[in-house]
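A.B. asks: Letter by letter, the sequence shown follows residues -19 to -1, 1 to 40 in mature numbering (1 follows the signal peptide of the UniProt record, and there is no 0). Every residue gets a Cβ at the ideal spot worked out from N, C-alpha and C, and that includes glycine.
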Amino acid sequence: MKKTAIALLALLASGASLAATPWQKITHPIAGSAQSIGAFSNGCIVGARRCRCNPTPFR
């Protein structure tokens, strides 16, 4: 009985952690101009496009 209760609680607790946040549901770029959100250490860029430059010099 105890093991069943623990397994059920673990299953319920893991369901919340597996749920996708609204940011994880975005599958395509957002329309509009590029905007920076947050600070340089923990931020994001909305509406940015991929850099088409050669990445070799940046390594």
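Give the DSSP bridge partners of C25, in chain order.
C.D. replies: Partner(s): I18.
A.B. asks: Look up A(-10) in the DSSP assignment and say whether it is helix, strand or coil.
C.D. replies: In the structure shown, A(-10) sits in a helix (DSSP, three-state: H, G or I).
A.B. asks: For a test of the three-state rule: what should DSSP assign to T8, helix, strand or coil?
C.D. replies: If DSSP states are grouped into helix, strand and coil, T8 belongs with coil.
A.B. asks: What residues in its chain sit with their C-beta under 8 Å from that of I11, if we drop five residues either side in the sequence?
C.D. replies: The residues are V27 and G28.
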